[in-house]
Structures are given as C-alpha cells and as structure tokens.
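**Q**
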Ligand code: ARG
Ligand code: ZN
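Right, dumping it as structure tokens:
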C-alpha cells in the first residue's frame with residue numbers, strides 16, 4: 001500500500017535530500033501502542049487527539065462503509081511517522097494538507113509517514129479517506145462489527161473502533177466527535193450525543209451527531225438500520241434520545257419498558273453521583289444476537305436478549321451508572337476496570353435496595369457466602385484482573401463487595417461523599433484505582449491501603465468481617481438469595497465473544 005514514485009537515480013536522490021530536513025535526525029516513529037500492559041498494541045504513541053470528524057456513507061445491503069475521517073491532534077514528541085489503529089482500506093492520507101505515505105503493519109496499525117517530520121507540541125490535521133466492508137475484516141482472528149438483518153452495529157469493549165474509523169484507540173486519549181452518516185432513505189444512523197440535524201438528497205438521508213464532551217474511542221458507537229426513535233426530557237432536564245430496531249419481535253415491549261425509563265433513572269442516579277455529565281442520554285436496542293450491554297457514551301447499547309425475560313431496569317441502571325463511572329471518568333489503563341464495573345454493579349445493588357428487593361449489605365453477604373474459599377472466583381483480583389479476566393463476574397461481584405467493605409469501613413457519610421465527589425474530581429478525565437484509594441483516604445481521613453489490598457488485590461477470600469458474621473440471624477449459616485439477584489446477574493451476559 002506504500003505508494004512510491006520511481007524516478008531516475010540522481011533526481012530521486014535530490015528529492016530525498018530536499019524532503020528530509022536536517023532536524024529529522026531527532027525525529028523518530030511514534031510507538032505502535034500507547035503503553036498499556038494488558039494490550040501492548042492498543043492506542044499509539046507520539047500524539048494526542050482532540051477531535052474526530054467522521055463523514056461517512058453506509059449501504060446496508062452490501063455492508064459497504066466509505067468516507068473521510070479528519071483528525072485534529074497535537075504531537076507529544078518529534079515524529080518521523082505515527083500509527084493509527086484501523087482495519088478498513090485506505091486510499092489517501094493527508095497530514096496538514098500534504099499527501100502522506102502510509103502502510104499497514106501488525107494486527108491493526110496504519111503507519112503514516114508525513115512528507116515533513118512533525119515537531120513536538122504542534123497541531124496536526126490528519127485526513128484519512130477510506131472504504132471497505134467491515135464485516136470482512138478481522139484482527140487477532142475476531143471481529144466485533146455486528147451485522148444485523150437491516151444494517152450493522154459497532155459496539156464492543158475494548159475493541160470497536162478499528163472497524164469504522166481510524167483512531168488512537170485507548171481510553172487515555174479522549175476526544176470530541178462529529179459523526180455524520182448518510183444512509184439510504186428509510187434507514188437510520190444512530191451515534192453518540194446530540195442529533196444536530198438530518199438532511200435528505202437523492203435517496204440518501206444524512207444524520208449529523210455530535211458528542212461535545214471528551215469520549216473514549218471504545219465508547220463511540222454507530223448503529224445503522226431501521227429504527228424507531230423516541231425523544232423526551234427527564235424531569236431533571238436531561239434530553240433523552242432512544243432507538244429501537246423495528247425488528248425486535250417479542251422483545252420489543254420489554255425493551256421499551258426498560259429503556260424508556262432512562263430519564264427517570266438518570267435523575268435517580270444523579271442523587272448518588274451528582275449532575276449528569278453529558279448533554280444527552282439514551283440507549284438503543286438493535287436487532288443483534290449478542291448478549292451484552294455496553295455503556296457507549298450517552299447512547300447505551302443494549303442486546304435484545306437483555307429483555308428476553310421481561311423488562312430489566314437493573315441493566316439500564318448499570319449502563320447509566322457507567323456514564324459517571326467509566327465514561328466521564330475513564331480508566332487510565334485497562335487494569336483499572338474495577339472503577340467501571342465495580343461501581344456500575346454497586347449502582348444495581350443500590351437500585352435493588354430502592355426497589356425493596358435486597359439491600360446492598362444483603363447482596364454483599366450473599367456474594368461473600370455463595371463463593372467458598374476454594375472457588376476460583378477469589379483468585380480474580382478486581383484491582384488488576386488481567387486481560388483474560390477483565391469482564392469476569394468477579395470483577396463485578398467481588399468488585400461491588402469491595403465497595404460495600406469500603407462503605408462499612410468509612411461510614412455512610414464519608415462513603416456517599418466519595419461516591420458523589422469522585423465523578424466531579426475527575427470529570428471528563430482519566431483516573432486509576434490508586435487515585436481512587438487516595439481520594440477515599442482524603443475524604444474519609446482514614447488509611448485504606450490494607451482494605452484495598454485485601455478486597456481488590458489478594459487472590460484469596462478475605463476473612464469475614466466480624467460484624468457481618470454476627471449480623472446473621474442466630475442459627476443461620478448462609479444468607480438468603482436477594483430477590484434482585486437473578487436480574488442483576490443477567491447483566492453479565494455470556495461475556496464470551
Ligand atoms: N462494560 C460492559 C458492561 O458491563 C461489558 C462489555 C463486555 N464485553 C463483551 N464483549 N461482552 O456493561
Ligand atoms: Zn458494566
């Protein structure tokens with residue numbers, strides 16, 4: 001794919017001399033990964049993106065996606081070349097207006113060599129023209145682009161972007177987005193944020209979506225298909241946009257009975273987490289066969305299967321909790337996943353208590369009691385689970401148990417101050433488990449290193465807190481299963497791909 005013009009020897013040498021300024025010696029290629037030990041090739045080094053502008057066109061009949069990505073970035077080192085993460089077929093790359101050389105490498109790297117090297121700390125505009133059939137592309141042997149009978153969906157974690165736009169694919173590099181997609185009349189294009197406008201011309205309808213707050217690449221979503229779109233505003237004033245595939249069959253009613261409660265649940269969660277951080281909220285239910293839901297920023301992805309047993313407000317609470325814990329405050333490295341999943345699960349426990357289906361303490365006691373000490377559950381360290389266990393049930397359940405242990409250690413006043421203060425403290429940024437421990441220590445005035453180590457970092461079952469054991473009714477050896485349990489666990493899906 002590397003395009004090179006062949007010219008006679010002497011002329012070529014002269015061109016080469018002209019093309020490479022003396023300073024280029026100090027410029028080096030940006031790293032092919034951002035430095036996350038869980039996923040060494042994810043993201044890239046040497047630059048920081050501030051904005052993605054995606055102008056796309058999609059044909060559902062053939063799964064053909066084509067368009068132009070314009071990326072606004074700033075260099076963080078002297079660069080001779082840099083990578084983007086991408087799988088579709090690129091026809092042209094321009095850097096600051098000039099045509100750049102490009103090639104592919106590794107599993108998902110697009111290597112761009114600008115005509116002139118880039119100095120550290122300078123703004124860069126990268127234009128990538130591309131097309132391709134995303135469903136035919138894979139990396140590491142898998143694809144997360146989901147074809148549906150009437151279109152397709154991009155929504156997965158941690159990989160989704162490679163199939164639809166070139167990016168610096170790691171949560172550390174958050175950016176704002178304009179996503180503009182033309183689809184045949186009668187098909188809808190759903191993405192994050194606010195629908196700025198639509199327009200129709202010659203059989204194509206263009207949807208212009210805007211995400212005006214920083215967003216991690218895995219939280220960018222795109223759904224193409226025939227949807228019924230509903231709009232409203234929560235009592236607390238948050239605009240809500242939801243979308244339902246017209247092809248949900250028997251799950252349609254339960255999907256709406258769950259997702260239409262988005263406004264109510266955003267307002268309810270605001271009571272615990274503080275003001276909703278984004279300009280819009282909502283979710284969509286495409287006709288996919290997947291089992292999981294995903295906290296795609298402002299526009300949550302739900303699988304129809306989540307509603308196969310009737311309505312499920314609990315999964316809506318989980319995904320909306322992520323808007324504060326995971327989306328506005330994003331992890332620094334993928335090992336910090338507990339801040340996302342532990343708290344989203346804990347929000348479900350709070351909802352259970354609110355609904356009278358089991359208190360957070362009852363749920364914690366049940367998790368603790370239902371896994372004997374030799375259960376592999378306790379070998380997963382929620383504070384650093386490893387890439388293979390990133391979405392293991394232990395990250396969720398042991399993770400939420402750790403939060404209850406924290407609450408019991410610092411008391412309700414400090415605990416709820418932490419729960420609400422954290423999303424403000426790191427709004428629109430990134431933070432780690434270590435940052436969270438520091439913050440909880442600061443707010444509570446208590447040293448918490450031992451507690452965090454026991455509940456999040458030891459590969460073994462913590463000793464029962466004496467007070468909890470005493471709380472069991474006399475003669476009882478195990479707590480009853482709370483009524484909310486099954487519905488909460490249904491959020492986990494089949495985490496397998
Ligand atoms: N963050 C998602 C959730 O807990 C989990 C996504 C797991 N990924 C997957 N491919 N199943 O809501
Ligand atoms: Zn989650």
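Residue numbers (full-length UniProt numbering): 1 to 497. Quick reminder that beta carbons are idealized off the backbone N, C-alpha and C, glycines included.
1. Three-state secondary structure (DSSP) at residue 150?
2. Between residue 408 and the rest of its own chain, which residues show a CB-CB distance below 6 Å, the 5 nearest in sequence each way excluded?
3. What alpha helix (DSSP H) runs, 4 residues minimum, are completely inside the region 93-132?
4. So what does residue 204 bridge to, in DSSP terms?
5. Assign residue 27 to one of two classes, buried (16 or more other C-beta atoms within 10 Å of its C-beta) or exposed (fewer than that).
6. For residue 54, I'd like the list of residues in its chain whose CB is within less than 6 Å of its CB, leaving aside the five on either flank, ordered along the chain.
7. Have a look at residue 209 and residue 221 and give me their C-alpha separation to the nearest angstrom.
8. Alpha carbon to alpha carbon, how far is residue 255 from residue 173? Give it in angstroms, no decimals.
9. Just to check, is the beta-carbon of residue 312 closer than 7 Å to a non-hydrogen atom of the ligand ZN?
10. Does DSSP put residue 457 in a helix, in a strand, or in coil?
11. Give me the DSSP bridge partner(s) of residue 417.
12. Once you ignore the five residues that flank residue 479 on each side, which residues in its own chain have a CB closer than 7 Å to its CB?
13. If contacts are defined as beta-carbon pairs under 8 Å, then residue 301 and residue 308 qualify, I think. What distance do you get, rounded to the angstrom?
14. Leaving out the 5 sequence neighbours to the left and right, which residues in its chain are closer than 7 Å to residue 22 when beta-carbon positions are compared?
15. Here's the rule I'm using: 16 or more other beta-carbon atoms within 10 Å means buried, otherwise exposed. How should residue 372 be labelled?
16. In chain order, what residues of the same chain lie with their CB nearer than 8 Å to the CB of residue 204, ignoring the 5 residues before and after it?
17. Give the single residue among 313, 351, 295 whose Cα lies nearest to the Cα of residue 341.
18. What's the gap between the Cα of residue 499 and the Cα of residue 267?
19. Can we count residue 155 as close to the ligand ZN, meaning its CB is less than 7 Å from some heavy atom?
20. Give me the Cα-Cα distance between residue 303 and residue 315, rounded to the nearest whole angstrom.
21. With distances taken Cα to Cα, identify the nearest neighbour of residue 459 among 487, 427, 381.
22. Measure how close the beta-carbons of residue 212 and residue 281 come, nearest whole angstrom, since I'm counting them as under 8 Å.
23. CB-CB under 7 Å to residue 137, same chain, minus the five flanking residues each way: which ones, in chain order?
24. According to DSSP, is residue 190 part of a helix, a strand, or is it coil?
25. Between residue 94 and residue 100, which are expected to be in contact by the criterion C-beta below 8 Å, what is the C-beta distance as a whole number of angstroms?
26. Taking 7 Å as the cut-off, is the C-beta of residue 392 nearer than that to any heavy atom in the ligand ARG?
27. So what does DSSP say about residue 292, is it helix, strand or coil?
28. Does the distance from the CB of residue 336 to the CB of residue 443 come in under 8 Å?
29. Is it right to say residue 500 is buried, meaning 16 or more other beta carbons lie within 10 angstroms of its own, or is it exposed?
30. In the DSSP assignment, find the unbroken alpha helix (DSSP H) run with residue 59 in it and report its ends.
31. Tell me which same chain residues have a C-beta within less than 8 Å of the C-beta of residue 271, skipping the five on either side of it?
32. Please classify residue 317: does DSSP put it in a helix, a strand, or coil?
33. Pick out whichever of 332, 310, 339 has its Cα sitting closest to the Cα of residue 323.
34. What does the Cβ neighbour count give for residue 456, buried or exposed, with the cut at 16 atoms within 10 Å?
35. Report whether the distance from the Cβ of residue 389 to the nearest heavy atom of the ligand ZN is below 7 Å.
**A** By the coordinates alone:
1. coil
2. Excluding its 5 nearest sequence neighbours in each direction, residue 408 has no C-beta neighbour in its own chain below 6 Å.
3. none
4. DSSP output for residue 204 lists 184, 201 as bridge partner(s).
5. buried
6. 69, 165, 179
7. 11 Å
8. Spanning the two alpha carbons is a distance of roughly 33 Å.
9. Residue 312 has its Cβ no nearer than 7 Å to any heavy atom of the ligand ZN.
10. helix
11. None; residue 417 has no bridge partner.
12. 362, 365, 366, 369, 472
13. Rounded, the Cβ-Cβ distance is 16 Å, inconsistent with contact.
14. Bear in mind that a pLDDT of 48 at residue 22, under 50, signals an unreliable position, so the number given afterwards is only what the model happens to contain. For residue 22, where only same-chain residues beyond five positions count, there are no Cβ hits under 7 Å.
15. Its Cβ having fewer than 16 others within 10 Å, residue 372 is exposed.
16. 57, 182, 183, 184, 185
17. 295
18. Lying outside 1 to 497, the shown extent of the chain, residue 499 is not represented and no answer is given.
19. no
20. Those two C-alpha atoms are separated by around 11 Å.
21. For residue 459, the nearest C-alpha among the options comes from 381.
22. Between residue 281 and residue 212 the Cβ distance is about 14 Å, and since that is not below 8 Å, they are no contact.
23. 87, 88, 143, 163
24. strand
25. 6 Å
26. no
27. coil
28. no
29. This structure cannot settle anything about residue 500, because the visible part of the chain is limited to 1 through 497.
30. That residue, residue 59, is in no alpha helix (DSSP H); its beta strand (DSSP E) goes 47-59.
31. none
32. In this structure, DSSP gives residue 317 a helical state, which the three-state scheme calls helix.
33. 339
34. Flag for residue 456 reads buried.
35. no
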